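Protein chains in written order, with our numbering: chain A, 25 to 320; chain B, 25 to 320; chain C, 25 to 320; chain D, 25 to 320; chain E, 25 to 320; chain F, 25 to 320. Backbone N, C-alpha and C define an ideal beta-carbon position, used for all residues, glycine too. This structure is a prediction, so every number in the text was calculated from the model and none was measured.
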């Protein structure tokens, strides 16, 4: 159902845990992707794009070889496969939060292993065999057995492994299995990657850049909100100084003489500190509103 | 539980596949409808309205006879039942997307039937018997048996039917059953219909018109977004010319001299083309924000 | 996992029916709370706060005794437990709507009991034994047996109880069991409560006040929307008079001479009446947009 | 996928509420039917049978016309469609219990309609239009409007209908909608039906008779259990007289002299009365065991 | 819907975790109970019995007062409520297994509390306040605060409680919360209880005794299986000696001369040891079959 | 939680698609295994066994190395990993049916690839890289690229692969993706495997043999049923000749003179042919009953 053509972009979308978050992200960027439970070829409301759902682990390889023009996958799997692809941009988003994920070295709470050097002669279970071996080599540790783990890695120690290398967001699943983290091998986020040849085709390059810009605009807007407030002329300068310099605020006269409306964009994270300060500076009618996209 | 009164509007809501989309639409229009799994009489936050959930197939008949003052149903079923009702407005919304649905004539991929004329002496299964018979008459085809299908129409060919007339959005269920579409009998969208007598009652007529206006305002806003951007005086004219003429943009001075904020409403579909162009014309701080309603 | 410290706030969140609505409310206020199905200690994106999920029934007691610095619970359970806590603010929100809940006295449809006095010698089943006994005392009714009901209170009459005291939002579950309401004992909404000692600690007091302000700002915004409209100079005064006085509207010149944009905040409830009036006064391009927070 | 051949039987299975019960019944008869959620052509472990899932409403017509050789459907739909088919046997089984279903005439609890004659000039909603009209004719009632109901028939009265004709097992759904039953139009059970021509083909006729025999053997066994008990020679006659005459009991000597084991088949319904009686007659080691099939 | 009559038995069934296991148990005893999700009055296939679903906690009280003639509840709640009822029989069955549940005293893994005496001055959270207080009194411990816990008792320590008294089957939920068990207050199983007056009515007493006998026969059969084996005359005595003495085995001649069939009932638990032994003693054709009921 | 000891058996159970079928199989063999959703260490009702859930892919390696004493996995994965383990017995059971699974070579319906030789220069996607390479070597095909597929292998052709090697039961998923099977690489069933050293330990060897015998007895019984019938003396010989020779039938006198009961075990598959024949030979009261285990 896919066909390599000069006037069509083939886009790989990550199947699995990021699936819903990815379609939500594209939707906000203006691309409606519909995934049917019966097909791995989602439809997209842009006739110049064909999509396919693929596991993040195999995305980079297919992009490198040109079966896909571009795709989304994790930095970890780009590294693990060593694929030669162009990284168009980083996209920090996830199933739940907005935190990067980490591949960590973890051992039982009561293990004697304290650092990489202690792994000599031990056995590690992991889904990321290459990354683990590179880590051991970099730390000059030899005689370590690294087993590919087909799943449930965090329950393998202590019987089936002395240590594991596993991906984690908050560490809570490791703690629940009475494991402790002793090192971080790799911090990983999602990347939008492209085939190098595809970027030499002007049509494809332009399309890839546009998608990247819009996805970034959406993520950029997610931590931001609009803020509108009413101030009297006498307080205007004080308040303008207080507002974060993210955007220059709009100043508009109100229907009531001597009053102005300020309209600006701020980090959502500072709102809970900023609003009380604005109230102290006599701002009234403080309104926060949501944004869809923000292009710097 | 329903009672015909001059000072109360009885509104029929479509039960089934459009149920959730309909209550979401009304919610955005300001009407909160709560459907209990135990009752077909939803509550609505307007004491002047009584609601009932009914199948789309029987809505038009009950509106024609005045048991309902107004209701939502498909154009197809208005036609199928031949009910004499007033069509207040068209509302293009659906379970997933915003595309009209189509009733199509479909046959097995390897069938010899290529057009209506080839149906002579054949057997058609369909839920829309009337529509199918009118189509055959219009095409001057006789000797066709039309069976009412109680469900699963798309698996009836080739054993139980030579062709089917079935509703489809994307055609994917037909393709999965190895059927091909050879003609379209009817394109259908949702309609807000009213009883003709009810429209002679000023209270009911006003209420029906108001609901129609608000529902249209919501659907109108759905494909639109607000856009705010900052421009320098020198670029103002170029950018104003570029902006689609949907609404006249607001121009407001920024706190920094020589800069202006533009605020306008555009089609969401053009945003992904428009933003790159605006950036080239030196616009900065481009922010897109969502709308609830838009009344032209 | 919790520890009483002077520089950390311990916050109790209501487990159960209000759980999802509460995290949604905090999210809008800028606090991301993640509840894992495996733990009653949610994470929150503020390192100065520790949270715990507890049943609303036991919240007030734990706040009174200082195991929690603050928490959310119903007015009914504060009363029922008689806990000595500070009520920081009322927060009217619920699982579905925005209506207060009521504890009512209900009896079978065909019961002879018409008022509190008729309860003499009868038997009441309820989850709120204290509230029921205070009600009986206030009505000077004696010789009533009040049974604690472990659940399914509304099916107890007539065999297991003559009357019940039960919480209800719409009364529909009572009606379905053929019970009628004969009195209301208590109308209840959610309260944000704090330990009195904690409020003497300046760090905790400031934090509690800030959370209260932000939660109220979110609820405040929920029934409101932003409204933008374009008007000609000649209609400006008429329209300004028509707009509700909730906020002073912003008046900004449009790019087209003689036209102005008005921007204001109104109650969502009046929008469905207001928009038709504004259209009659020649307003064009009426746009409604959503708000996140509103601080008066 | 189906093909009419002399050496293959085409069997129609009822899709919907009886689906799971039907495959369970066939499984006990030795036919493993696997239904995939993606296909209406179940597989069956008999290469001489092809199956298809179809709605009970259309089964009889397709059997009459020979598209199916045989199938299972309700007596009601055979009557309603007037199809000319051979009824091979009655199979009393259902979604839950083993009771026949009834089509009843029901009216609001407070309706004045007491019998068929009172329907004059009224309006009836029903899914079984033909059955209702035949009932009215048989009762010599004219001027009744009979509307085909597309669903939720039991909530139609009093506003959308004065009475309904609806199928019910226990009447509880009718009672919940405050309707009362005033007459029964038809008592219905499942029937195994066959095409008349197919029964002239010896291969098909033999196969149909065998399926019927095995299905009946399963249903026959369902209300029965095996009973084993130990008795002393002196009590043998008394106990043999007490045992129901369903089957002649087996009498076998025990390893202990003077003792015998009795083995028999009895109605499960009598077991709860029979066992206490057997104990009084000195039976020991009474064991009840399950049966799969019972061929009289 | 319930009514006290001399010729009808009112039976209380435990709502909640034991619900499905209870109806399965009654079904095997010959009583088909159908529970509708909309009603707490299940139907039962015995016109002389009316049932109601009630929480185990309130069963004993309602039986004591005669609102129920009999019911099933836990030994723990009979003790906790101190209800004066007749215990007809013990029924050891549960949601999963066949093990009694235990109410235990548990403390954090690293707590200093080692026994009841260490609870002096501490705080206990529990759903079983009465049982806990009686335990403390019996151990002569004073100055302990016992809080009624509304749920999630096992996460209360160490912040909200120093110790808990909680029900457990395997202790796994306690271990997952890093608690250790230091004492057992009560071992509890299900009991079939009856009102003392009801047992003076011959009709009710007989019915209650019969239900008890049949329920016990089902539970009795659950851990047992039937065993059939073929032996030659020469091995008969050896094998008869080996067979457990639960029942006297039946000895029947086979169609082949010199061979006998043995038929007996054994504990399922010994089958996995017994079968290899029987094979060594030359038994052939060893068949195990299931039982429904076993009356000793 | 696992510990290698001489008096304890460590048993690996396959996690995933066979999980439920495996615990059902062990339950029938007398071993109750309880799997908690929170733990991969199920409990088993034999204190001499410890269990762990592991993916079938890694079972053989862990058994080979002695971390597990024994376990259940597929023949395919034993081959794929080349693990040196003892195969105790074959156990033919599955998620749904009782058919072996096959690893097949499949290509698009319209592909030119007809046999292994045509794969030269092509690309294969598969989860079983080793098996595929061995197959290619055996067929003397070179220059084939074999990609490890992380999932959804059947949608890879034609764009991401020219052919696939995939596991299938009925081929329906392949057909739905318009692929055709052109060769079978391996037919696979479940095997109960053991570590070679463990089999030298008499305790472990005996336990492993016993488990194997019981599991086989259960599977052996699954396709069989017991059959009881009554015959008159004159028909006895005819009927005994007709009965399949699986087991020698038991012949017992009935209470009625001149009648005998026959009791035997037959293949369920022949019952639907056998019963009609028995009836023709005057057998009456034919009863079929279920078996739990059958040891030949």
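Exercise for review: Could you have a look at residue 142 of chain A and say whether DSSP puts it in helix, strand or coil?
Suggested key: Here DSSP, grouped into helix, strand and coil, assigns residue 142 of chain A to helix.
Check your understanding: So with Cβ pairs under 7 Å, would you call residue 179 of chain A a contact of chain F?
Key -> Interface residue (Cβ-Cβ distance to chain F less than 7 Å): residue 179 of chain A is classified as such.
Check your understanding: Is the Cβ-Cβ distance between residue 93 of chain D and residue 254 of chain D less than 7 Å?
Key -> Contact flag unset, no.
Exercise for review: List the endpoints of the continuous beta strand (DSSP E) containing residue 190 of chain E.
Suggested key: Counting along the chain, the beta strand (DSSP E) containing residue 190 of chain E begins and ends at 187 to 192.
Point to revise | Alpha-carbon to alpha-carbon, residue 212 of chain B and residue 160 of chain B | key: One C-alpha to the other measures close to 19 Å.
**Study point:** CB-CB length for residue 291 of chain E against residue 248 of chain E, believed under 8 Å
**Key:** Residue 248 of chain E and residue 291 of chain E do touch by the CB rule: their CB atoms are close to 6 Å apart, below 8 Å.
**Study point:** Range covered by the alpha helix (DSSP H) that runs through residue 226 of chain F
**Key:** Here the alpha helix (DSSP H) through residue 226 of chain F covers 226 to 246.
Review point. Looking only at its own chain, which residues have a Cβ that is under 7 Å from the Cβ of residue 256 of chain D, when we skip the five neighbours before and after it?
Key: A distance below 7 Å between beta-carbons, with the five flanking residues on each side excluded, links residue 256 of chain D to the following residues of its chain, in chain order: 282, 283 and 306.
Review point. Would a check of beta-carbon distances place residue 216 of chain E closer than 7 Å to chain C?
Key: No - not a single Cβ of chain C is within 7 Å of the one on residue 216 of chain E.
Review point. If you follow the beta strand (DSSP E) that residue 218 of chain F is part of, which residue opens it and which one closes it?
Key: Run containing residue 218 of chain F: 214 to 218, per the beta strand (DSSP E) assignment.
Check your understanding: Measuring CA to CA, which of F:90, F:63 and F:178 is closest to residue 35 of chain F?
Key -> It is F:90.
Review point. Who are the Cβ neighbours of residue 197 of chain A in its own chain at under 7 Å, not counting the five residues just before and after it?
Key: In its chain, beyond the 5 residues on either side, 178 have a beta carbon closer than 7 Å to the beta carbon of residue 197 of chain A.
Exercise for review: List the residues of chain B that residue 81 of chain D touches, going by C-beta distances under 8 Å, in chain order.
Suggested key: Here the neighbours are 174.
Review point. Is any beta-carbon of chain B found at less than 7 Å from that of residue 249 of chain C?
Key: The C-beta of residue 249 of chain C comes closer than 7 Å to at least one C-beta of chain B.
Exercise for review: Tell me where the beta strand (DSSP E) around residue 112 of chain D begins and ends.
Suggested key: Its beta strand (DSSP E) spans residues 110 to 115.
Exercise for review: Would you mind giving the Cβ-Cβ distance between residue 100 of chain D and residue 210 of chain D, rounded to the nearest angstrom? I have them listed as a contact below 8 Å.
Suggested key: So it is a contact: roughly 6 Å between Cβ atoms.
Review point. Where does residue 38 of chain D fall in DSSP's three states?
Key: If DSSP states are grouped into helix, strand and coil, residue 38 of chain D belongs with the strands.
**Study point:** Boundaries of the beta strand (DSSP E) in which residue 180 of chain F is found, first to last residue
**Key:** No residue range can be given for residue 180 of chain F, since it is assigned to no beta strand (DSSP E) and is classified by DSSP as neither H nor E.
Review point. Can you give the Cα-Cα distance for residue 304 of chain F and residue 267 of chain D, rounded to whole angstroms?
Key: Approximately 28 Å, taken between the alpha carbons.
Exercise for review: Would you decide whether residue 295 of chain E is buried or exposed? Buried here means 16 or more other CB atoms lie within 10 Å of its CB.
Suggested key: So residue 295 of chain E ends up on the buried side.
Check your understanding: Three or more C-beta pairs closer than 8 Å, one from the region 28 to 47 of chain B and one from the region 215 to 229 of chain B: is that the case here?
Key -> Between the region 28 to 47 of chain B and the region 215 to 229 of chain B, the count of C-beta pairs closer than 8 Å reaches three or more; the two stretches touch.
Check your understanding: What residues are listed by DSSP as bridge partners for residue 276 of chain C?
Key -> Paired residue(s): C:285.
Check your understanding: Mind checking residue 81 of chain D: buried by the 16 CB within 10 Å criterion, or exposed?
Key -> Buried is the call here.
Check your understanding: What separation, rounded to the nearest whole angstrom, lies between the Cα atoms of residue 63 of chain B and residue 139 of chain C?
Key -> Distance between the alpha carbons of residue 63 of chain B and residue 139 of chain C: 30 Å.
Practice item. Quick one: grab the DSSP three-state call for residue 296 of chain B. Key: Three-state result, residue 296 of chain B: helix.
Check your understanding: Can you list, in chain order, the residues of the region 252 to 269 of chain C whose Cβ is nearer than 9 Å to any Cβ on chain B?
Key -> Within the region 252 to 269 of chain C, the qualifying residues are 252, 253 and 254.
Exercise for review: Please report the residue range of the alpha helix (DSSP H) in which residue 153 of chain C lies.
Suggested key: Residues 153 to 162.
Review point. Between which two residues does the alpha helix (DSSP H) carrying residue 332 of chain B extend?
Key: With chain B covering 25 to 320 only, the question about residue 332 of chain B has no answer from this structure.
Check your understanding: Since residue 317 of chain F is in the alpha helix (DSSP H), which residue starts that stretch and which ends it?
Key -> Run containing residue 317 of chain F: none in the alpha helix (DSSP H); it sits in the beta strand (DSSP E), 317 to 319.
Practice item. Can you give me the Cβ contacts of residue 40 of chain E inside the same chain, cut-off strictly under 8 Å, excluding the 5 residues immediately before and after it? Key: 79 and 80.
**Study point:** Partner residues on chain E for residue 289 of chain F, Cβ-Cβ distance less than 9 Å
**Key:** For residue 289 of chain F, the C-beta contacts it makes with chain E under 9 Å involve 252, 309 and 311, in order along the chain.
Review point. At a CB-CB cut-off below 7 Å, which residues of chain A make contact with residue 184 of chain F?
Key: Residues of chain A passing the Cβ test: 86 and 91.
**Study point:** Those runs of the beta strand (DSSP E) which lie wholly inside the region 45 to 95 of chain D and span at least 3 residues
**Key:** The region 45 to 95 of chain D contains these whole beta strand (DSSP E) runs: 73 to 79.
Review point. Cα separation between residue 124 of chain B and residue 194 of chain B?
Key: Answer to the nearest angstrom: the Cα atoms are 10 Å apart.
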